[in-house]
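Enquirer:
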Amino acid sequence: MQKQKVLQLIAEAARKKLTELELSWNDLKTLPAEIGELTNLTELDLSYNQLKRLPAEIGKLANLTTLDLSINELKRLPAEIGKLTNLTELDLSNNQLKTLPAEIAELKNLTALDLSNNQLKTLPAEIVELKNLTLLNLSENPLESPPLDIANKGIEAIRSYFKSLEGEKQPLNEVKVLLVGDGGAGKTS
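So in our numbering, spot 30 of the sequence shown is number 60, and the numbers just go up one at a time.
1. Would you say ASN162 and ASP144 are within 7 Å of each other, going by their C-beta atoms?
2. Taking the alpha carbon of THR95 as the point to measure from, which residue in ALA63, THR49, ALA43 and SER54 has its own alpha carbon closest?
3. Given a cut-off of 7 Å on the beta-carbon distance, is the pair ASN116 and ASN93 in contact?
4. Quick check for students: name the residue ranges of the beta strand (DSSP E) that lie wholly in the region 81-137, counting only runs of 3 or more.
5. Output needed for SER169: all residues of its chain with C-beta closer than 6 Å, excluding positions within five of it in sequence on either side, in chain order.
6. Assess, as a yes-or-no matter, whether the region 73-92 is touched by the region 100-118 under the definition of 3 or more beta carbon pairs within less than 8 Å.
7. Classify PRO176: buried if its beta carbon has 16 or more other beta carbons within 10 angstroms, exposed otherwise.
8. Count the other C-beta atoms from every protein chain shown that fall within 10 angstroms of the C-beta of GLU196, then say buried if there are 16 or more, exposed otherwise.
9. Measuring straight from C-alpha to C-alpha, what distance separates ILE65 and ILE185?
10. Which term fits ASN79, buried or exposed, when burial requires 16 or more other beta carbons within 10 angstroms of its beta carbon?
11. Give every residue of the same chain whose Cβ lies closer than 6 Å to the Cβ of LYS105, excluding the five residues on either side of it in the sequence, and list them in chain order.
12. Roughly how many whole angstroms lie between the Cα atoms of LEU153 and ARG45?
13. Expressed to the nearest angstrom, what Euclidean distance is found between the alpha-carbon atoms of SER123 and LEU140?
14. Can you tell me whether DSSP reads ASP57 as helix, strand or coil?
15. Look at the Cβ atom of LEU51, then the Cβ atom of LEU81, and state whether they are nearer than 7 Å.
16. Between which two residues does the beta strand (DSSP E) carrying GLU170 extend?
17. For LYS47 and ILE101, what's the separation of their Cα atoms in angstroms?
18. Determine the DSSP secondary structure at LEU71, reduced to helix, strand or coil.
Pasting the structure below:
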């Protein structure tokens, strides 16, 4: 779909105050910033496209409850994804994600997160803050942290893993001072 047609569609959707928009299977390579004007959307389907990145304006869609970005070419997510605090379902499967932003932890209402078939090696520790998350699909990722055997046991095992790492941290309450400068100048002892 050409950019001009996408812009026309977005303008029409904004005018009609649509709550659902399905743009799957349109060979979209980019998503225009104007997507942020669709503030009434509760469901947005952008699956089966060729999106490589999302505009920061995606964060303006505060009413979204369902966002499907599966089967695209996303390599990273903008930090503004964390502003979608009403999201309950987020499908990011079959992309090229290598990392997730820490802001993912702001999605407090998220119940289902599909990250399968990406290139994730680590999950942000902040993922434990998603208290309502009941479905987390991490299959087909080269996970190292948490280790794959823990990730395969589910979200509770992942929460336990990150909490155990927190427990291993020890505060360091000593400081060594090193004075650098000319030997004969300054304080003497």
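A virtual CB, placed ideally from N, CA and C, is assigned to each residue, including glycine. Treat the numbers as computed from the prediction; the structure is a model and nothing was measured.
Expert: Quick look at the numbers:
1. In this structure, ASP144 does not lie closer than 7 Å to ASN162 by Cβ.
2. THR49
3. yes
4. The qualifying runs are 96-98 and 119-121.
5. Excluding residues within five positions, the ones whose Cβ falls inside 6 Å are SER146.
6. yes
7. buried
8. exposed
9. Approximately 32 Å between the Cα atoms of the pair.
10. In this structure ASN79 is buried. Its beta-carbon is surrounded by 16 or more other beta-carbon atoms within 10 angstroms.
11. GLN126, listed in sequence order.
12. 39 Å
13. 16 Å
14. Residue state, collapsed to three classes: coil.
15. no
16. Here GLU170 belongs to no beta strand (DSSP E), and DSSP marks it neither H nor E.
17. 27 Å
18. coil
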